[in-house]
Amino acid sequence: MNYGKILSISAIVIVVIIVITILLSMNTITGANAALLISEYQMIVIALGLSAIVLAILRLSYGND
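Counting from 5, one number per residue, gives the positions in the sequence shown under our numbering.
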């Protein structure tokens with residue numbers, strides 16, 4: 005398996021998802037609405053879930069290398 009390639013792609017994907025989540029969170033925090041703050045935590049959970057799914061797909065796709 006090509007762990008270097010998997011690691012670099014994984015790092016890029018996680019950084020992009022974290023940046024998008026931070027941008028959405030800052031939008032939410034500036035609104036200072038209680039309902040929006042709840043959805044901020046939901047966005048963080050969704051971002052972590054998506055990154056886990058992407059990592060699993062990468063692991064499967066490079067499993068035969």
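Yeah, the Cβ is synthetic: ideal placement off N, Cα and C, and Gly gets one too.
For residue i, the three-state DSSP class (helix, strand or coil)
i          : result
residue 45 : helix
residue 7  : helix
Cβ-based neighbour list, residue i, same chain, cut-off 6 Å, excluding 5 preceding and 5 following
i          : result
residue 51 : 21, 25
residue 58 : 17
Contacting residues, own chain, Cβ-Cβ under 7 Å from residue i (five flanking each side not counted)
i          : result
residue 28 : 47
residue 15 : none
residue 56 : none
Same chain, Cβ closer than 8 Å to residue i, neighbours up to 5 away in sequence not counted
i          : result
residue 13 : 62
residue 53 : none
residue 49 : none
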